[in-house]
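Following: one structure in structure tokens, then a few remarks.
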Amino acid sequence: EKAWRLKARCYYMRHKFPQARKIYEDVQAERTLDWAEIGLGKCLIEMGELDQAEQIFAELVANNCLCLEVFDCLADIKNRKGELAVAQQLLEHASEISPNAIVRQQLLAEISQENSDWESAEKAHRKVVRLCANSCYESAELYFKYARCLSSQMRQGASDPKRIKDVEDVLERVRKKYRDDIGTKLQ
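The working numbering applies: residue 3 is where the sequence shown begins, and numbers increase by one.
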């Protein structure tokens, strides 16, 4: 079982989705396992078979699968289909359960912005900046995205002095932290 899982994952990582799909389907024919369902669903997403993948992930949610990756994949499908509000709700739900997942928070911030939900976007960007601080994930771009979000929020009518101060603080942090980085200075 472990060997099949590893082999399928290797195929998936090498973008050989049909081969990975075949392994996941063979495992499923023997015994229903969540990891094989998730892997199959991810292969289907990459192969563009969104409806079939959505059905798999919706079934996993209905069966109370505890793997949060299911919500991430379902949100990806909804995002690809243009159902941004549903994608945002799925990511918010998963973020409530696991609030420190950096990639999930980044996706939530992006989708919230696309939905013009500036409050949720600001909250997610702030969380990303906080989680990434002093880690390998930290970059000037994260701070700039947060500042742009605050700026967009102010353009939408929420231009109180606190927001202006927040933007100034974020940009000052970037200036201090990345003062020797030429690429950051160009932005």
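For every residue, glycine included, the Cβ atom is placed at its ideal position computed from N, Cα and C.
Per DSSP, reduced to three states, the secondary structure at Arg-175 is helical.
One thing to note: Cys-75 has its Cβ within 8 Å of the Cβ of Gly-43. Going by C-alpha positions, Cys-151 is about 17 Å away from Arg-106. By the 16-neighbour rule on beta-carbons within 10 angstroms, Tyr-13 is buried. Distance check between Val-63 and each of Leu-46, Lys-83, Asp-36, Gly-84 places Asp-36 closest, using alpha-carbon atoms only.
Counting of Cβ neighbours within 10 angstroms places Ala-87 among the exposed residues, the total staying below 16. The beta carbon of Val-72 sits closer than 7 Å to those of Ile-40, Phe-59, Leu-62, Val-63, all from its chain and outside the five residues before and after it, given in chain order. Sequence-distant partners of Leu-70 (beyond 5 residues in either direction) whose C-beta falls short of 7 Å from its own C-beta, in its chain, are Ala-96, Ile-99, Ser-100.
In the three-state scheme derived from DSSP, where H, G and I count as helix and E and B as strand, Gln-91 is classed as helix. Within a 10 Å sphere around the beta-carbon of Asp-78 sit 16 or more other beta-carbons, which makes this residue buried. Under the three-state reduction of DSSP, Met-49 is assigned to coil, being neither helix nor strand.
Selection Asn-136, Lys-167, Tyr-139 evaluated against Ala-149 yields Lys-167 as nearest (Cα-Cα). Within the same chain, Cβ atoms closer than 7 Å to the Cβ of Gln-158 are found at Trp-120, the five residues on either side in sequence being excluded. When the Cα atoms are used, Ala-111 and Ala-89 turn out to be separated by approximately 12 Å. The beta carbon of Glu-48 sits closer than 6 Å to those of Phe-19, all from its chain and outside the five residues before and after it, given in chain order.
In this structure Gln-155 is in contact with Glu-124, their Cβ atoms being roughly 6 Å apart against a cut-off of 8 Å. Listed in chain order, the non-local C-beta contacts of Ile-104 below 8 Å within the same chain comprise Val-130, Leu-133, Cys-134, Tyr-139, local neighbours out to five positions each way being set aside.
Beyond the five residues adjoining it in sequence on each side, Asn-117 comes within less than 7 Å, by CB distance, of Leu-86, Ala-87, Gln-90 in the same chain, given in chain order. Residue environment for Glu-32: exposed (fewer than 16 other C-beta atoms within 10 angstroms of its C-beta).
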